[in-house]
Amino acid sequence: MADSPGAGLTPELDSSPAPRVQGLLDALRASGDLLGPIGVGIAIADASGKVQWANGLLHSLLPSPPVEGANCREVICGDTCVTCPVEEAARSDRVFRTSRTLHDAAGNARSFHLTCAPLRDADGPPLAVGLFMLEFTAQETLARRARSQEQYILHIANAAAEAIIILNPQGRIWFCNQGASRIFGYREEELLGRPYEVLVPEERRQAGELEEIARRIREAGFLRDFETVRQAKDGRFVPVEVNVTRVTDADGREEGRSVIYKDITDKKRASLRRQLQASRIAVLNQIGDAVHSSVELEDVLVMILIGVTAEQGLRFNRAFLLLADEEAGLLRGEIAIGPSTPDDAARIWAELGRLNLDLHGILNRFRGSARKENAGVNETVRRIEIPLDRWDHVLVRVLHERRGLRVGPGEPDGAMPAELAEALGVDSLAVAPLLARDKAIGALVADNAVTRRAISDEDVELLRQFAHHAGTAIENSRLYAELQEKIEELRRAHDHLRTNQRKLLELEKLSAVGEMAAKVAHEIRTPLVSIGGFANQVGRELPPDDPNRGRVQVIREEVLRLERIVGELLDFVRPPSRDFSPQAINDLVEKATLLMEHEVRGRGVTIRVHLGTELPQACVNGNQMIQVLNNLIQNAAQAMPDGGNIDITTEAANGRLRIHVDDAGIGIPEDHRVKVFHPFFSTKEAGSGLGLSIASQIVEQHQGALEFQPREAGGTRFSVVLPAWPEGGGKRDEEDPGR
Amino acid sequence: MKKILVVDDEKNIRSLYEKELQDEGYAVTLAGNGREALERFSSERPDLVVLDIRMPGMDGLEALGKLLAEDPKVPVVLNSAYSSYKDNFLSWSADAYVVKSSDLTELKETIRRLL
Numbered sequence: 005m006a007d008s009p010g011a012g013l014t015p016e017l018d019s020s021p022a023p024r025v026q027g028l029l030d031a032l033r034a035s036g037d038l039l040g041p042i043g044v045g046i047a048i049a050d051a052s053g054k055v056q057w058a059n060g061l062l063h064s065l066l067p068s069p070p071v072e073g074a075n076c077r078e079v080i081c082g083d084t085c086v087t088c089p090v091e092e093a094a095r096s097d098r099v100f101r102t103s104r105t106l107h108d109a110a111g112n113a114r115s116f117h118l119t120c121a122p123l124r125d126a127d128g129p130p131l132a133v134g135l136f137m138l139e140f141t142a143q144e145t146l147a148r149r150a151r152s153q154e155q156y157i158l159h160i161a162n163a164a165a166e167a168i169i170i171l172n173p174q175g176r177i178w179f180c181n182q183g184a185s186r187i188f189g190y191r192e193e194e195l196l197g198r199p200y201e202v203l204v205p206e207e208r209r210q211a212g213e214l215e216e217i218a219r220r221i222r223e224a225g226f227l228r229d230f231e232t233v234r235q236a237k238d239g240r241f242v243p244v245e246v247n248v249t250r251v252t253d254a255d256g257r258e259e260g261r262s263v264i265y266k267d268i269t270d271k272k273r274a275s276l277r278r279q280l281q282a283s284r285i286a287v288l289n290q291i292g293d294a295v296h297s298s299v300e301l302e303d304v305l306v307m308i309l310i311g312v313t314a315e316q317g318l319r320f321n322r323a324f325l326l327l328a329d330e331e332a333g334l335l336r337g338e339i340a341i342g343p344s345t346p347d348d349a350a351r352i353w354a355e356l357g358r359l360n361l362d363l364h365g366i367l368n369r370f371r372g373s374a375r376k377e378n379a380g381v382n383e384t385v386r387r388i389e390i391p392l393d394r395w396d397h398v399l400v401r402v403l404h405e406r407r408g409l410r411v412g413p414g415e416p417d418g419a420m421p422a423e424l425a426e427a428l429g430v431d432s433l434a435v436a437p438l439l440a441r442d443k444a445i446g447a448l449v450a451d452n453a454v455t456r457r458a459i460s461d462e463d464v465e466l467l468r469q470f471a472h473h474a475g476t477a478i479e480n481s482r483l484y485a486e487l488q489e490k491i492e493e494l495r496r497a498h499d500h501l502r503t504n505q506r507k508l509l510e511l512e513k514l515s516a517v518g519e520m521a522a523k524v525a526h527e528i529r530t531p532l533v534s535i536g537g538f539a540n541q542v543g544r545e546l547p548p549d550d551p552n553r554g555r556v557q558v559i560r561e562e563v564l565r566l567e568r569i570v571g572e573l574l575d576f577v578r579p580p581s582r583d584f585s586p587q588a589i590n591d592l593v594e595k596a597t598l599l600m601e602h603e604v605r606g607r608g609v610t611i612r613v614h615l616g617t618e619l620p621q622a623c624v625n626g627n628q629m630i631q632v633l634n635n636l637i638q639n640a641a642q643a644m645p646d647g648g649n650i651d652i653t654t655e656a657a658n659g660r661l662r663i664h665v666d667d668a669g670i671g672i673p674e675d676h677r678v679k680v681f682h683p684f685f686s687t688k689e690a691g692s693g694l695g696l697s698i699a700s701q702i703v704e705q706h707q708g709a710l711e712f713q714p715r716e717a718g719g720t721r722f723s724v725v726l727p728a729w730p731e732g733g734g735k736r737d738e739e740d741p742g743r
Numbered sequence: 002m003k004k005i006l007v008v009d010d011e012k013n014i015r016s017l018y019e020k021e022l023q024d025e026g027y028a029v030t031l032a033g034n035g036r037e038a039l040e041r042f043s044s045e046r047p048d049l050v051v052l053d054i055r056m057p058g059m060d061g062l063e064a065l066g067k068l069l070a071e072d073p074k075v076p077v078v079l080n081s082a083y084s085s086y087k088d089n090f091l092s093w094s095a096d097a098y099v100v101k102s103s104d105l106t107e108l109k110e111t112i113r114r115l116l
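Quick mapping for you: the protein sequence lines, in order, are chains P and H. Under the numbering used here, think of the first position of the first sequence as 5, with each following residue one higher. Under the numbering used here, think of the first position of the second sequence as 2, with each following residue one higher.
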């Protein structure tokens, strides 16, 4: 290779053109630019490379017009000249072809095919070299454009989210984009040259998918939006949409295929979710309807379990419902549904299949009989009791974590407790908390004990959501029950109020009657005084043997009786006295006894007093309290028509004072007991029926109570119960000398 | 002989008490209402007054006030079919309060005690 101009020129070449060449040159010059229009630049150089002549076209191509006699290297090839074609043609005496890229006057690069042909006599050495330049710039641009388009396409291909794979006619991968690496996890070089089937899972191959795709392409020439799964390098299944196009050459011959995989994992998941959602909504709607149709907790529980196990529901084989018993601190198995054995399962499913029931039908079919018909699993579930503080237990943990979990082998979060595995006879299950208003009230456990179908993420998610709704349903049912109870309570309270109101009305009426009675009583009292008084006078004046004495005596006694009745009546209707003062009850008892002793002695009745010691005082109206005791003593005496003892005892305990008046009389018949304190109730011939009524009324005005009970020895004990004064009975009875 | 003024609007009561108290050895003068009682009291100067309370016109308690204004030392026994006047503070100024009864023993004993 010559580095310097002119080097290597054959010595045979004369520097001046031979005469015959001169003739050619003359002819060319004379032709003007005859050859210009054909697009070929032509120059004649002598054997040393000096340009002797160039046509017009060449002139227009070159930045500076070739000066005749200048070296061709300078005017044509410039710096790009490594091997001088002119010299080469002259040296080898052969046509020499090459190409050159030159910059024209405007600075544009232009490419030329350069052909140099030696000019010589028939057998002499080359005399000169003809230089023919044919521009090919246009083609060059196209080729370059094609090269950059290729880059663009590659760039686009790599930027695409899809995996783009081009197969050669043998079905081997000869191109794959970065998307393919992204989606399937293979590096480019791991895919190149591998057969297309490397991405097709065994299962799909066995299902004849490749044949199916081939058939479609054969028939339609392409495959569009074909949904299937492909397997990534790590074994993962990737849901994809496949588009295949045949790549053909200009003559329609197949050169390969382009395969575009669109990763539709997200789309698929969303659609799965939608499907699940749709099914869940359907189930929940039906469950919801069913729940609305009944508020019984038992029904709600059964419906939940059916929702979990029904083919139209969550499709688990078995479902167990556990409720948190906060009081006992236990998570307790409550109810379950599902076959105990595969035989059982077959029988139930056969029946359900025969009946062709929808969820509603199933709910109705099982309502009320779920526990009985599922005795096996119910026995199982009732054996489950987990302390709520056992945080390590997965069923307790989900309550706290409020999430659904798959429990079983290989679950980092869901280790199966051995006793649970044993109780249920499965090694994997799904569990979700039953939530009600943000509180976990229990757990829903489901498994596929019969079919052993694997529990998917979606199964768990669905169970979780379902359990959430189920929890609310349970809570609602419980609230409803509580509400019912409250309503019942209110109803009772209402009844009570109504009764009291009736009583009040009666009392009001009674009070009006009382006022009237008082008025009448006072009006009667005055004439009685006259009648009785005059009868007394008459009686005194009659001679002892006068038969009218007896009659007058009857008048006197009857008047006295009337007066007593009137007196009692007036006592009864008298407004309560406010004349209270601390008194020693022993004194009151003694006073009352003193007053009554004489009266009852005539009937063969003796009063015996047993006074307690160191008794506190009571804040009472002394006269009224004496009246109470008088009434009680009178009542006791009347209970013993044949005479006997009245025992009066005083005592104190727990801040209360008690005065017991015991008789050994006939006792109060059972059916009279409720009426003892009713006004005007009397079994005695000579009574107004007000005595005990008045006594009771007075004691009540003292914040005390008048009680009575039959005595074991026969007869009745009446007890006046009074609060000790001051409250708590701190002050001792000073007037009591300690008898 | 001690003189007792019996004041009562009931003629039968007056008549009963008159006889009864005369039998007990008292001189008895009668009045049918409060105003009459004051007149009798001024003219007769009784040693003791038995005074009914519920009477038309001037009632016993009003009459009591006026009697005592005239002679603060005269013993007065209030004698009423009502026991409720016992709680009336006007009645506290009387020497005794006896509820009317056909059995006149209490009334007679009270009078005896006061004279």
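Just so you know, even glycine gets a beta-carbon here, dropped at the ideal spot from N, CA and C.
Residues of its chain near residue i, where Cβ-Cβ distance is below 8 angstroms and the 5 sequence neighbours each way are ignored
i                : result
Ile535 (chain P) : Ile559 and Val563
Thr30 (chain H)  : Lys4, Ile5, Leu6, Val7, Arg41, Glu45 and Pro47
C-alpha gap between residue i and residue j, whole angstroms
i                : j                : result
Asn75 (chain P)  : Glu192 (chain P) : 53 angstroms
Val304 (chain P) : Asp451 (chain P) : 20 angstroms
Ala113 (chain P) : Lys237 (chain P) : 49 angstroms
Phe712 (chain P) : Glu561 (chain P) : 32 angstroms
Asn480 (chain P) : Trp395 (chain P) : 27 angstroms
Asp417 (chain P) : Ile491 (chain P) : 46 angstroms
Phe722 (chain P) : Val665 (chain P) : 5 angstroms
Glu389 (chain P) : Gln469 (chain P) : 24 angstroms
Thr313 (chain P) : Asp267 (chain P) : 33 angstroms
Pro759 (chain P) : Val624 (chain P) : This structure cannot speak to residue 759 (chain P), because chain P is shown only from 5 to 743.
Glu63 (chain H)  : Thr106 (chain H) : 27 angstroms
Glu519 (chain P) : Asp575 (chain P) : 12 angstroms
Asn658 (chain P) : Ile630 (chain P) : 23 angstroms
Ala147 (chain P) : Ile459 (chain P) : 59 angstroms
Three-way DSSP call (helix, strand, coil) for residue i in this model
i                : result
Asn504 (chain P) : helix
Ala161 (chain P) : helix
Glu74 (chain H)  : For clarity, residue 74 (chain H) is Lys in the given sequence; the question names Glu instead. Of the three classes helix, strand and coil, the one that applies to Lys74 (chain H) here is coil, per DSSP.
His473 (chain P) : helix
Ser35 (chain P)  : coil
Phe188 (chain P) : helix
Lys237 (chain P) : coil
9 angstroms Cβ cutoff, residue i in contact with chain P
i                : result
Asn13 (chain H)  : yes
Val36 (chain H)  : It is worth fixing the name first, because residue 36 (chain H) is Arg in this sequence and not Val. It does not; no Cβ of chain P falls within 9 angstroms.
Ala28 (chain H)  : no
Ala82 (chain H)  : yes
Asp104 (chain H) : yes
Lys3 (chain H)   : no
Neighbourhood of residue i by C-beta, 6 angstroms cutoff - its chain only, sequence neighbours within 5 removed
i                : result
Ala444 (chain P) : Leu403 and Pro437
Val604 (chain P) : Ala641
Thr653 (chain P) : His614 and His664
Ile308 (chain P) : Ala474
Ser700 (chain P) : Phe681 and Leu710
Beta-carbon proximity list for residue i, same chain, < 7 angstroms, skipping 5 on both sides
i                : result
Val454 (chain P) : Asn321, Pro343, Pro346 and Ala349
Leu509 (chain P) : none
Pro199 (chain P) : Gly175 and Arg176
9 angstroms Cβ cutoff, residue i in contact with chain H
i                : result
His3 (chain P)   : Outside the shown range of chain P, which is 5 to 743, sits residue 3 (chain P), and nothing can be said about it.
Thr720 (chain P) : no
Pro531 (chain P) : yes
Ala539 (chain P) : yes
Leu511 (chain P) : no
Arg560 (chain P) : yes
DSSP bridge partner residues for residue i (one or two, in chain order)
i                : result
Thr744 (chain P) : No answer is possible for residue 744 (chain P): it lies beyond the span of chain P, which begins at 5 and ends at 743.
Arg336 (chain P) : P:Leu327 and P:Glu389
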